[in-house]
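Reading through the structure tokens given below for one structure.
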Amino acid sequence: MNAARGLVLAAPSSGSGKTTISLGLMRAFARRGTAVAPAKSGPDYIDPTFHAAAARRTGCNLDIWAMRPETIAASIDSLEAGADLVLCEGAMGLYDGIDARGTGSTADLAARAGWPVVLIVDARGLAASAGPLVAGFVGARPDLAFAGVIFNRVGSPSHAALLREALALACPGVPCLGTVLRDPALALPERHLGLIPAGETDDLERFIDGAADACVRSIDLDALAAAARPAKAASTVRRLPLAPLGMRIAIARDSAFAFAYPAMIDEWRAAGAEISFFSPLANEAPDATCDAVFLPGGYPELHAGRLAQAENFTRAMRRFQGTIYGECGGYMTLGQGLVDARGTRHAMLGLLPVETSFAQRRLHLGYREMRVAADCALGAAGTVLRGHEFHYASVVSEPADTALFAVSDARGQPRGPAGCRSGRVAGSFLHVIDRAGHSATCG
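Here my numbering is used: the sequence shown runs in plain steps of one and ends on residue 568.
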């Protein structure tokens with residue numbers, strides 16, 4: 126049986142239409158009977174929910190900065206199992222990373238995996254300049270293979286012909302795989318953390334099928350599939366995965382708690398943990414037989430009133446005797462109170478001495494390296510983890526003497542303490558991805 130082959134779907138910049146084209150291709154190949162494994166470069170929770178809907182298969186995140194090489198290798202192995210084609214959507218621009226060298230970028234991931242890049246170029250406002258633009262991207266890193274170019278948001282058939290000619294003149298070895306005409310219907314709604322999650326998007330199936338129809342009309346699917354390549358040989362280093370929070374873990378899952386990495390849950394299962402789910406918004410309690418509860422990130426600030434009135438959920442969480450861990454939105458819910466966008470304070474679980482507010486929004490974004498301050502379910506004191514932070518809420522009060530982590534940014538600059546712990550309960554605004562222990566620099 127042949128190994129699955131893969132491609133990285135990237136772009137010169139954010140906003141080029143990568144997600145729409147990726148969804149269309151995933152569905153178009155799935156219609157043909159191709160077993161498509163979707164993936165996302167970087168720490169994105171939302172795009173993978175759309176990928177799963179389009180490919181009809183759950184994928185995973187591949188994070189070249191936050192994950193150790195052996196974790197990347199294990200994730201690729203998991204993607205390839207039972208798949209014919211891996212389609213990995215990039216993040217931001219192809220070479221955008223934590224510094225001017227593009228460390229941790231989609232390009233680094235493509236080089237590590239050995240998958241060719243399909244460059245998706247937003248053609249609005251471009252004509253002959255499209256050729257030199259692509260030539261610059263192709264020539265920037267000799268360790269990358271380019272499968273070809275898809276021009277997106279093309280204005281007309283004559284515009285498409287001009288773009289093809291410009292590409293052939295500037296990059297004779299890089300084929301044009303397709304030209305997708307501009308269509309206002311091929312746009313997804315957004316909110317403050319990005320796209321509205323797939324589960325909340327109206328007529329999602331119709332949107333994905335529309336994107337697939339556009340790809341079938343405009344992209345040479347056979348040529349694209351033929352350009353895919355198997356991943357490089359996986360690392361033989363034995364991986365020490367993240368330990369599960371407990372052996373029976375209840376995970377909150379609904380519109381308020383939607384941001385949990387599938388790979389982390391799979392690791393917990395592989396370690397022997399039993400997983401169950403419950404909905405705080407439906408006023409459900411975690412399984413009383415569990416020894417740990419995980420409240421992942423999401424949008425509690427949009428549902429604070431309902432959470433405050435969920436008496437069954439609140440009562441069960443306050444009585445729970447096992448480990449409780451919350452990330453980002455889950456951390457806000459563990460606190461004493463949450464102030465919503467209108468300035469109204471809602472009482473939360475009161476399990477941590479923390480107050481948070483969404484009334485004055487300020488973006489907190491970036492990779493983080495976190496050193497565990499004291500023994501807890503995430504590891505012994507001194508354990509170093511990698512993850513990221515992405516939220517608009519602010520901390521009103523948070524005791525520094527019971528911090529969960531000592532934090533640095535991706536460049537090693539200290540950011541001080543973060544999070545809070547109180548006995549069996551802990552949390553922070555940071556999302557844990559993997560253990561630390563490597564350099565992300567490729568090449």
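The beta-carbon is built from N, C-alpha and C at its ideal position, and this holds for glycine as well.
- prompt: Helix, strand or coil for Val557 per DSSP?
  reply: strand
Selection from Ala410, Arg182 and Thr145 that minimises the alpha carbon distance to Ala310: For the residues Ala410, Arg182 and Thr145, the minimum Cα distance to Ala310 belongs to Thr145.
field: Residue range of the unbroken alpha helix (DSSP H) whose run includes Thr439
entry: Glu436 to Arg444
- prompt: For the alpha helix (DSSP H) that Phe175 lies in, which residues bound it at each end?
  reply: Asp172 to Ala180
- prompt: Considering only residues of the same chain and omitting the five flanking positions on each side of Ser401, which have a CB-CB separation below 6 Å?
  reply: Within the same chain, Ser401 has close Cβ partners Ala375 and Asp412.
task: Could you spell out the range, first to last residue, of the alpha helix (DSSP H) harbouring Leu329?
output: Leu329 to Ser343
- prompt: From which residue to which residue does the alpha helix (DSSP H) around Ile146 run?
  reply: Lys143 to Arg156
task: Quick one: residues in its chain with C-beta nearer than 6 Å to the C-beta of Val532, no 5 flanking neighbours on either side, listed in chain order?
output: Arg493, Met495, Arg540 and Ala543
query: Any idea which residues DSSP pairs Val532 with across the strands?
result: In the DSSP assignment, the residues bridged to Val532 are Met495 and Gly541.
task: Starting from the C-beta of Leu463, find all residues in its chain whose C-beta is less than 6 Å away, skip the five residues before and the five after it, and write them out in chain order.
output: Ala429, Met457, His471, Met473 and Thr481
field: Straight-line gap, Ile558 to Met192 (C-alpha atoms, nearest Å)
entry: 7 Å
field: Contacting residues, own chain, Cβ-Cβ under 6 Å from Leu476 (five flanking each side not counted)
entry: Leu459 and Val550
task: Hey, could you find the ends of the beta strand (DSSP E) Ser482 is sitting in?
output: It spans Glu480 to Ser482 - the beta strand (DSSP E) in which Ser482 sits, taken as one unbroken run.
query: Does the beta carbon of Cys545 sit closer than 9 Å to a beta carbon anywhere in chain C?
result: No chain C appears in this structure, which consists of one protein chain only.
message: Would you call the region 516-530 in contact with the region 193-213, where contact means no fewer than 3 C-beta pairs closer than 8 Å?
response: no
message: Tell me the rounded alpha-carbon separation between Glu426 and Gln446.
response: 26 Å
query: Among Arg156, Gly184, Gly149 and Ala153, which one has its Cα closest to the Cα of Ala385?
result: Gly184
- prompt: Tell me, which residues are paired with Ala472 by DSSP?
  reply: Gly462
message: Rounded to whole angstroms, what is the Cα-Cα separation between Thr527 and Val242?
response: A direct Cα-Cα distance of roughly 46 Å separates Thr527 from Val242.
- prompt: The beta strand (DSSP E) with Gly303 in it runs from where to where?
  reply: Its beta strand (DSSP E) spans residues Cys301 to Leu306.
message: For a test of the three-state rule: what should DSSP assign to Ile400, helix, strand or coil?
response: Per DSSP, reduced to three states, the secondary structure at Ile400 is strand.
- request: May I have the straight-line CA-CA distance separating Ser230 from Ala216, to the nearest angstrom?
  value: 8 Å
query: Relative to the C-alpha of Pro163, which residue among Ser139, Ala129, Leu313 and Ile189 is closest?
result: Ala129
query: Which residues mark the beginning and the end of the alpha helix (DSSP H) in which Leu288 is found?
result: From DSSP, the alpha helix (DSSP H) with Leu288 extends over Pro282 to Ala295.
- prompt: Can you name the start and end residues of the beta strand (DSSP E) that Thr448 belongs to?
  reply: Thr448 to Glu452
task: Give the secondary structure of Gly422 by DSSP, where H, G and I count as helix, E and B as strand, and everything else as coil.
output: strand
- request: Just the C-alpha distance for Ala499 and Ala505, rounded to the nearest angstrom, thanks.
  value: 7 Å
query: When DSSP labels each residue in this structure, what does Arg316 get in the three-state scheme?
result: Caution applies to Arg316, whose pLDDT of 49 falls short of 50 and renders its modelled position unreliable; the model cannot decide the point.
message: Taking the beta carbon of Thr439 as the centre, do at least 16 other beta carbons fall within 10 Å, making it buried, or is it exposed?
response: buried
task: Determine the direct distance from the alpha carbon of Arg444 to that of Ser147, and round the result to whole angstroms.
output: 45 Å
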